[in-house]
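Numbering of the sequence shown is given in the UniProt record's numbering, commencing with residue 1 and proceeding in unit increments.
Glycine is no exception: its CB is placed at the ideal position from the N, C-alpha and C atoms.
All figures in this text were calculated on a predicted structure; none of them were measured in a lab.
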Amino acid sequence: NSGDYIQAVLDRNVAENISRVLYPNDNFFEGKELRLRQEYFMCAATLQDIIRRYKASRFGSREAVRTTFDSLPDKVAIQLNDTHPALAIPELLRILLDVEGVPYDRAWDLVTRCCAYTNHTVLPEALERWPCSMLEHVLPRHMQLIYHINFLHLQEVQKRWPGDMGRMRSMSLIEEEGEKRVNMANLCVVGSHAVNGVAAIHSDILKATVFRDFYEMWPEKFQNKTNGITPRRWCVQPGAGRPHLREDRRRVDYAPGEAAGIEALGAGPGLPARRDEGETGEQAKAGGADRARHGRARQRRVAVRRAGEAHPRVQAPAAQHPARHHAVQPHQARPHRALHAAHRHAGWQGGARLLHRQADHRARLRSRQH
């Protein structure tokens, strides 16, 4: 109420921009800072909810029951999907240290056991790097923790490879060349108990190039999780009603490089090579049973059946009784004399000349009257 209304509205708009602008242009300082604030906002909100739910007695409760964090890694798994949520590592460490009063060594152990990192790119220039000056301005406490994490991490590197400055430079969380920046990918590797790519060849490239030094230091951390469909589940799940096909035709071992064995499913006795070649009576019956089974499962999950079979109470009144539906009737134009009579009748009443549809409507009304 002091009269500075413009500044009051400006402050509100700046705060709301965190959730108003998606993927701001980070080619300039303001956009980059907004993106940093957005990433921290999402991480902080998520972690506070995780800690609240961990401490609560039951889902939805706000009453804290657990007072220690010994079982936190058994109850919580935080998957860092690329480097965008990397700030979750120092944020979780900050919560455990500053809010919950956990000693540093114990807190760092909990952080690394809870977090895992999924990498999506093999291009080093595509991995996030934040200027240290910006982090010191926006998140000073987190930058302090990152410096401390890096200090302890480089001590371990020095013990493993004494005097190897090249490894220390490549494995450091802080890049010293030019403007000092935080390498968020290195932070994710150091602060996680598992690191994976999304394809076998991708994971091999990470171990051979991008994170080679980290792989040599912690080979047990690196693994692969193929981002795609499991062929065995894809083939077997729809065929629960076809045991003879599942046992005889789908017994395929999908070792690395052997997924081509799925081609054997396309031909053979009792199974058409192509879908359009038709099915035998037994196969059609089994297929119908499979479709019905999956339909019942879908109905249990989402309470919706097939189109036209949904519960009438959630439909518009006209769709409540499918048996009463009528086909849309084609438009039937009136005879020319009926339209002429409608135009004449309108003229007698002193009205303007009718449009075609207006004349047709009046002709239909006149035919009903007569």
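Item: Buried or exposed by the 16-neighbour rule on C-beta atoms within 10 Å, applied to I89; Value: buried
Item: Where A107 falls, given that 16 or more other Cβ within 10 Å makes a residue buried; Value: buried
Item: Distance, W161 Cα to V76 Cα; Value: 34 Å
Item: Beta-carbon spacing of R66, K55 below 8 Å; Value: yes
Item: Assumed close pair L206, V190 - CB separation to whole angstroms, cut-off 8 Å; Value: L206 to V190, Cβ: 15 Å. No contact.
Item: Same chain, Cβ closer than 6 Å to Y215, neighbours up to 5 away in sequence not counted; Value: K207, F222
Item: CB of M134 within 8 Å of CB of E33, strictly; Value: yes
Item: Segment limits, beta strand (DSSP E) that includes N13; Value: Note, N13: premise wrong, no beta strand (DSSP E); alpha helix (DSSP H) at 5-20.
Item: Ranges of the beta strand (DSSP E) found wholly within the stretch 83-141, counting only runs of at least 3; Value: 115-118, 129-131
Item: Three-state class that DSSP yields for residue 371 in the structure shown; Value: Any answer about residue 371 is impossible in this case: the structure gives the chain only from 1 up to 370.
Item: Three-state class that DSSP yields for L173 in the structure shown; Value: coil
Item: Collapsed DSSP secondary structure at G191 in the structure displayed; Value: coil
Item: Residue environment, D91, which counts as buried when at least 16 other CB atoms sit within 10 Å; Value: It should be pointed out that residue 91 corresponds to Glu in this sequence rather than to Asp. By the 10 Å Cβ count, E91 comes out buried.
Item: H202 burial status per 10 Å Cβ neighbour count (16 or more: buried); Value: buried
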